[in-house]
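Residue numbers (UniProt numbering): 1 to 107.
Just so you know, even glycine gets a beta-carbon here, dropped at the ideal spot from N, CA and C.
What follows is a short report on a single structure.
What follows is the structure, encoded as structure tokens:
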């Protein structure tokens, strides 16, 4: 699996390098009215890519917090159930010992 991921990473890097080499012409980026910014096309594409990643991470951050909260709640529930089960086992153990002793005495 790691090999497949590394191959995919190398392919993406090669495609990005190919785009960088073949798109060296400058473009005008108007981020504020009346103030154009001249930069290579690949820089503009890379900037858009990075901004997309940042927005994607922000979008997933809320889901991450919800899953962490649910995970903590479920861990607490499992601990509580384990304590209750352990107490039930301890309560049942003396009763089984008494029954075993009674059966031994009858024989």
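Item to check | Delimiting residues of the alpha helix (DSSP H) encompassing residue 6 | outcome: Residue numbering aside, residue 6 sits at position 6 when the chain shown is read from its first letter. Its alpha helix (DSSP H) spans residues 2-22.
Item to check | For residue 35, three-class secondary structure by DSSP | outcome: The residue you call residue 35 lines up with position 35 of the chain shown. Strand, per DSSP.
Checklist entry - For residue 26 versus residue 39, is the C-beta distance shorter than 8 Å? => result Here residue 26 refers to the residue found at position 26 when the chain shown is read from its first residue. Here residue 39 refers to the residue found at position 39 when the chain shown is read from its first residue. In contact: residue 26 and residue 39 (Cβ atoms closer than 8 Å).
Checklist entry - Do you know how far the Cα of residue 55 is from the Cα of residue 67? => result As a first step, residue 67 is located in the chain shown; it is residue number 67 there, counting from the start. As a first step, residue 55 is located in the chain shown; it is residue number 55 there, counting from the start. One C-alpha to the other measures close to 19 Å.
Next on the checklist: Could you compute how far the alpha carbon of residue 15 sits from the alpha carbon of residue 85?
Outcome noted: Taking the chain shown and counting its residues from 1, the one referred to as residue 15 is at position 15. Taking the chain shown and counting its residues from 1, the one referred to as residue 85 is at position 85. Cα to Cα, the separation comes out at about 57 Å.
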